[in-house]
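Worksheet: the structure to be examined is printed underneath.
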Amino acid sequence: MIRMLVLGAVALLAGCAPATTRLSGVETRTATDSPRVVPAAVTPTKDGAQLELVSADGTILTGQLIRQQQPVIATIAATGQPLVGGAIEFGGDISGGAVVMTCRFTLMNPRRGIDGGGTGRCDGTDRRVDFLF
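The sequence shown begins at 1058 in the numbering used here and counts up one residue at a time.
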């Protein structure tokens, strides 16, 4: 009986933990450099997401991405009236060792978060990583 209660409590706590989404990005360093696939992990937080990226040379970069609402205004061709909407973005810096990259992710389905798909890009002084998820 106690074992069942402990297992139930562990299952309940595991369900409360934020789900980590695994992504693959493409890292390039120069125009002549071959692109390399690199892994990343995104874990939702209260104000955005925690990003962990492992670069092609093995450098681990981590940082907090802050959730931002971006207004989108498009003119409807038939009426000429503006249509106001919005996009959800996550942005921030990640770092590891002497490497710092600025990242921005745009979500296609904000209600589902990163799992809903989107695009992302991290830029540093000597490298760039692009994401399509």
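Where is the CB? At the ideal position from N, CA and C, for every residue including glycine.
When DSSP labels each residue in this structure, what does residue i get in the three-state scheme?
i	result
residue 1187	strand
residue 1167	helix
residue 1173	helix
residue 1086	coil
residue 1105	strand
Between the C-alpha atoms of residue i and residue j, what's the straight-line distance to the nearest angstrom?
i	j	result
residue 1146	residue 1182	22 Å
residue 1188	residue 1180	12 Å
residue 1125	residue 1134	28 Å
residue 1095	residue 1103	26 Å
residue 1112	residue 1101	21 Å
residue 1088	residue 1110	21 Å
residue 1077	residue 1144	22 Å
What does a CB cutoff of less than 7 Å around residue i pick up in its chain, not counting 5 residues either side in sequence?
i	result
residue 1153	1116, 1117, 1118, 1119
residue 1165	1173, 1174, 1175
To which residues does DSSP link residue i through a beta bridge?
i	result
residue 1097	1080, 1110
residue 1180	1159, 1185
residue 1152	1119, 1157
Please look up how many angstroms separate the CB atoms of residue i and residue j, rounded, as I've assumed it's under 8 Å.
i	j	result
residue 1098	residue 1079	6 Å
residue 1122	residue 1137	In fact, because the Cβ distance is near 37 Å, the residues do not count as touching under 8 Å.
Report all residues from its chain with a CB closer than 8 Å to the CB of residue i; omit the five preceding and five following residues, and keep chain order.
i	result
residue 1150	1120, 1157, 1158, 1159, 1160
Can you list, in chain order, the residues of its chain with a C-beta nearer than 6 Å to that of residue i? Leave out the 5 residues immediately preceding and following it.
i	result
residue 1177	1162, 1188
residue 1185	1085
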